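Enquirer: Got a structure for you, written out below as structure tokens; questions coming shortly.
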Amino acid sequence: MFNKFPLTPKSPLNPLFQRWERISAQVFILLLMSFACTSQAANVQTILNKADSYRLPEETVQVKTRVDLYKSGQLDKTRHYNVYIKPGRRSLVIFKSAVERGQKVLMLNDKFWIVMPKSRRPIRITPMQKLLGEASTGDIATMTWSEDYDGYVSGKEMINNIPCLKLALHTIRRGTTYARIELYVAQDGYWPVKANFYMASGKLAKRAYFTLTEVEGRKQVKAMTLYDKIQRQRQTVIRYLSLTPRSIPDKFYNPMYLVRNRLQGW
Numbered sequence: 369m370f371n372k373f374p375l376t377p378k379s380p381l382n383p384l385f386q387r388w389e390r391i392s393a394q395v396f397i398l399l400l401m402s403f404a405c406t407s408q409a410a411n412v413q414t415i416l417n418k419a420d421s422y423r424l425p426e427e428t429v430q431v432k433t434r435v436d437l438y439k440s441g442q443l444d445k446t447r448h449y450n451v452y453i454k455p456g457r458r459s460l461v462i463f464k465s466a467v468e469r470g471q472k473v474l475m476l477n478d479k480f481w482i483v484m485p486k487s488r489r490p491i492r493i494t495p496m497q498k499l500l501g502e503a504s505t506g507d508i509a510t511m512t513w514s515e516d517y518d519g520y521v522s523g524k525e526m527i528n529n530i531p532c533l534k535l536a537l538h539t540i541r542r543g544t545t546y547a548r549i550e551l552y553v554a555q556d557g558y559w560p561v562k563a564n565f566y567m568a569s570g571k572l573a574k575r576a577y578f579t580l581t582e583v584e585g586r587k588q589v590k591a592m593t594l595y596d597k598i599q600r601q602r603q604t605v606i607r608y609l610s611l612t613p614r615s616i617p618d619k620f621y622n623p624m625y626l627v628r629n630r631l632q633g634w
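Quick note: the sequence shown uses our numbering, first residue 369, plus one each step.
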């Protein structure tokens with residue numbers, strides 16, 4: 369049948385086939401681009417999950433944290449916190465230093481409260497609320513990126529003689545500490561090396577470097593050093609003194625419960 373109507377360059381049907389070929393090629397290219405984007409997004413989430421594991425190896429954990437403020441290389445102030453983290457963006461920060469004792473910060477999803485010792489009601493705050501130096505409530509209360517950010521691999525760079533992947537991350541939920549992050553992870557192993565944190569305005573908020581140690585044969589982040597971009601002689605070091613699997617009652621993650629209870633011993 370088809371031999372009776374051969375398609376030649378002059379055939380009136382030939383442009384239809386040419387148009388179909390062009391459309392098919394365009395659809396194929398779009399499918400490839402879509403697959404590449406999906407594949408890269410999945411790859412970034414895999415990288416973030418791995419990077420998170422160096423900071424928070426357990427989902428339900430108590431983190432004993434110390435924040436040191438340095439000025440011109442000299443230790444100026446120190447604060448201690450007990451941080452209780454549970455899945456579902458739940459975090460309770462209990463202030464342990466004498467000058468702050470009795471204060472508590474609660475994070476539930478995208479909301480933050482601070483509870484003062486003599487206050488009758490919790491006070492809503494933002495994750496950018498400063499605690500000491502460059503350390504904010506969000507820096508202390510949250511220790512993961514995979515739940516809050518997505519993005520893509522934007523390049524490769526050498527950081528402190530470590531070959532790194534550069535991730536361009538943007539927030540995917542409300543209530544995150546930073547709108548955008550440039551995160552550098554080791555190309556071999558994906559542990560965090562450096563991060564630039566940006567505000568919603570696009571302004572650089574702070575820069576961080578991560579220090580690792582060996583715990584039972586595996587790498588673990590032991591400190592995050594934050595640098596003041598204006599006062600360069602100042603730096604804030606958040607030290608993770610211990611991470612212990614420990615669960616606290618769900619009722620603790622209620623701002624009104626925290627007003628009525630001092631939680632001594634926690």
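Where a beta carbon is used, it is the ideal one built from N, C-alpha and C, also for glycine.
None of these values were measured; they are calculated from a predicted model.
How many Å lie between Lys524 and Ser615 at the Cα?
Expert: Their Cα atoms are separated by approximately 39 Å.
Enquirer: Specify the secondary structure class of Ile397 as computed by DSSP and reduced to three states.
Expert: Bear in mind that a pLDDT of 43 at Ile397, under 50, signals an unreliable position, so the number given afterwards is only what the model happens to contain. Here Ile397 sits in helix by DSSP.
Enquirer: Can you tell me which residues form a DSSP beta bridge with Ala536?
Expert: For Ala536, which the question treats as bridged, DSSP gives the partners Tyr520, Glu550.
Enquirer: Round the Cβ separation of Thr544 and Asp516 to the nearest angstrom and send it over; I've been treating them as touching at under 8 Å.
Expert: Right, the Cβ-Cβ distance comes to about 5 Å (below 8 Å), so this counts as a contact.
Enquirer: At 4 residues or longer, and completely inside the segment 477-509: list those alpha helix (DSSP H) runs for me, N to C.
Expert: Qualifying alpha helix (DSSP H) stretches, in chain order: 505-509.
Enquirer: In or out: Lys619 buried (at least 16 other Cβ within 10 Å) or exposed?
Expert: Looking at its Cβ environment, which holds fewer than 16 other Cβ atoms inside 10 Å, Lys619 is exposed.
Enquirer: Taking only beta-carbon atoms, is Gln601 less than 9 Å away from chain B?
Expert: No chain B appears in this structure, which consists of one protein chain only.
Enquirer: If we call anything under 9 Å between Cβ atoms a contact, is Leu500 one with Leu437?
Expert: Their beta carbons are under 9 Å apart, which means Leu500 touches Leu437 by this criterion.
Enquirer: Alpha carbon to alpha carbon, what distance is there between Arg434 and Met484?
Expert: Their Cα atoms are separated by approximately 20 Å.
Enquirer: Rounded to the nearest angstrom, how far is the Cβ of Trp513 from that of Leu572, given a contact under 8 Å?
Expert: About 18 Å; that fails the 8 Å criterion.
Enquirer: So, using beta-carbon positions, are Met496 and Thr510 closer together than 9 Å?
Expert: No, these two residues do not count as a Cβ contact at 9 Å.
Enquirer: Considering only C-alpha positions, which residue in the set Asn417, Asn528, Arg457 is nearest to Lys479?
Expert: Of Asn417, Asn528, Arg457, the residue nearest in Cα terms is Arg457.
Enquirer: Report back the beta-carbon spacing between Val431 and Tyr608 to the nearest angstrom; my notes put them in contact at under 8 Å.
Expert: The Cβ separation is near 6 Å, so the contact holds.
Enquirer: Taking Arg628 as part of the alpha helix (DSSP H), name the residues at either end of that continuous run.
Expert: 623-628 is the extent of the alpha helix (DSSP H) around Arg628.
Enquirer: Looking at the strands, I want to know which residues DSSP matches up with Asp436.
Expert: The partner list for Asp436 (beta bridge, DSSP) reads Thr446, Val605.
Enquirer: Tell me whether the segment 412-423 and the segment 581-600 touch, counting them as touching only if at least three CB pairs, one residue from each stretch, are closer than 8 Å.
Expert: Because the criterion of three Cβ pairs below 8 Å is met, the segment 412-423 and the segment 581-600 touch.
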